[in-house]
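Peer 1: Heads up: take any position in the sequence shown, counting from 1, add 46, and you land on our numbering.
Note that beta-carbon positions come from the ideal geometry of N, C-alpha and C, so glycine has one too.
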Amino acid sequence: LGAKPAALILKHNNPCGAAWSELGIGAALEKAFWCDRIAAFGGAIIVNRPLDRQAAELMDSAYFEVVAAPDFEDGVIDIIKKRKNLRILRIPGLADLEKLSHRPFLDIKALADGGLVLQHSFLNRIRSADDFLPASAKTSDGSAVTARKPTAREADDLLFAWAVESGVISNSIVFAKDGATVAIGAGEQDRVGCVELAIFKSYTKHADKLAFKRCGLSLYELRLKATGNGGDQEAADILAEVDAATQAAKGGLKESVMVSDGFFPFRD
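#1: Only counting runs of 3 or more residues, tell me where the beta strand (DSSP E) segments fall wholly within the segment 118-161, in order along the chain.
#2: Taking 7 Å as the limit between beta carbons, can you name the residues of its chain near Thr185, skipping five residues before and five after?
#3: Return helix, strand or coil for Phe168, following the three-state DSSP convention.
#4: So, with DSSP's three-state summary, where would you put Lys57?
#5: Could you say which of Ser212, Ala286 and Leu140 lies nearest to Ala232 if we only look at CA atoms?
#6: Tell me the rounded alpha-carbon separation between Asn94 and Pro116.
#7: Grab the span of the alpha helix (DSSP H) containing Leu284 for me, first residue to last.
#8: How should Arg313 be labelled, buried or exposed, when 16 other C-beta atoms within 10 angstroms of its C-beta is the threshold for buried?
#9: Which residue from Leu152, Val210, Ile134 and Ala291 puts its Cα closest to that of Lys307?
#10: Could you pull out every residue in the same chain whose Cβ sits closer than 8 Å to the Cβ of Gly139, ignoring the five residues on either side in sequence?
#11: Is it right to say Pro39 is buried, meaning 16 or more other beta carbons lie within 10 angstroms of its own, or is it exposed?
#12: Which class does Thr227 belong to by DSSP, given the choice of helix, strand or coil?
#13: Would you grab the beta carbon distance between Ala86 and Ala108 for me? Rounded to a whole angstrom, and I think it's under 8 Å.
#14: Taking 8 Å as the threshold, find out whether the segment 294-305 comes into contact with the segment 212-227 through three or more Cβ pairs.
#15: Write down the C-beta distance between Asp320 and Ile125 rounded to the nearest angstrom, noting that I regard them as a contact closer than 8 Å.
#16: Does DSSP put Gly63 in a helix, in a strand, or in coil?
#17: Report all residues from its chain with a CB closer than 8 Å to the CB of Leu104; omit the five preceding and five following residues, and keep chain order.
#18: Can you tell me the Cα-Cα spacing of Cys81 and Thr292, whole angstroms?
#19: Below 8 Å on the Cβ atoms is my contact criterion, and I expect Val122 with Asp98 to pass it. Report the Cβ-Cβ distance as a whole number of Å.
#20: Touching or not, the segment 276-295 and the segment 251-264, by the rule of three or more beta carbon pairs under 8 Å?
#21: For Thr197, which residues does DSSP report across the bridge?
#22: Residues in the same chain with beta-carbon distance under 7 Å from Gln165, minus the five sequence neighbours each way, listed in chain order, please.
#23: Output the distance between the C-alpha atoms of Ser182 and Ile92, rounded to the nearest integer angstrom.
#24: Note down the Cα distance separating Gly89 from Glu144, rounded to an integer number of angstroms.
#25: Would you mind reading off the limits of the alpha helix (DSSP H) that contains Thr273?
#26: Rounded to the nearest angstrom, how far is the Cβ of Asn217 from that of Arg237, given a contact under 8 Å?
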């Protein structure tokens, strides 16, 4: 993710939102935040460019526990240091990810019995859209079928999603669109179930984003207001509009790409 300004919000060592943007770190972080506003609460922010004022102001409006950046623009530290319990880390190497990502590091894991597992870190071989291989197969009648090439936008999103997915616990699925994650499924026992979970999350998170931007309430708060204690008609109307808009957008999944950390062995 060194090619463009990028922001990642981590929770329990899994990304809950990731995005990149040619408009800068502030724009990337805002996109990453709205990928999953609820999961971002108390998360760790990692960026690959100096943290700018736009990003700092977004951080000032929500709760985060950690921010790591290669550097901080003038005045930014004064904004974010007002936040209680925020750990601020300056890690210069984050600015050199394009170079460092070509060299694996030694990954050491300690076992419960005192043993150690030593292995090289994952080395991403997909550096450009040309590194993707088109899928091909033979049909029952012996005909050869080759998948179409992705469009330029799809290829860019695939490249981005592949870089994000390499850090998600298996079985994992990443949907992405316009340089931002739409939904992330992580750590599931079966890959098809992981896809189904990610799709469900995309609808829920998209509806929550619309609800929060419309009236400052989470989707769950809006539902409670619309149905609890006799129901609030205005809240019910807003909820109906949010649900309709979410269905129309298919949870933000329209024209998205999907990346998996393993193949699908069966037609399901």
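Peer 2: The short version:
#1: Segments of the beta strand (DSSP E) lying fully in the segment 118-161: 133-136 and 152-156.
#2: Within the same chain, Val191 come within 7 Å of Thr185 by CB-CB distance, once the 5 residues on both sides are set aside.
#3: coil
#4: The three-state secondary structure of Lys57, taken from DSSP, is strand.
#5: Among Ser212, Ala286 and Leu140, the Cα nearest to that of Ala232 belongs to Ser212.
#6: 6 Å
#7: Per the sequence shown, residue 284 should be read as Ile rather than Leu. That run of the alpha helix (DSSP H) goes Gln279 to Ala294.
#8: exposed
#9: Reading off the sequence, residue 307 comes out as Asp, not Lys. Comparing Cα-Cα distances from Asp307 to each of Leu152, Val210, Ile134 and Ala291, the minimum goes to Val210.
#10: Pro116 and Leu146
#11: Residue 39 cannot be examined here, being either before or after the span of the chain that is shown, 47 to 314.
#12: strand
#13: With a beta-carbon spacing of about 7 Å, Ala86 and Ala108 fall inside the 8 Å limit used to define contacts.
#14: yes
#15: Residue 320 cannot be examined here, being either before or after the span of the chain that is shown, 47 to 314.
#16: strand
#17: Gly72, Leu75, Glu76 and Phe79
#18: 14 Å
#19: A Cβ-Cβ distance of about 7 Å is found for the pair Val122 and Asp98, placing them in contact under the 8 Å criterion.
#20: yes
#21: The partner list for Thr197 (beta bridge, DSSP) is empty, contrary to what the question assumes.
#22: Asp153
#23: 37 Å
#24: 24 Å
#25: DSSP places Thr273 inside the alpha helix (DSSP H), whose first and last residues are Leu265 to Thr273.
#26: By a beta-carbon distance limit of 8 Å, Asn217 contacts Arg237. Their separation comes to about 5 Å.
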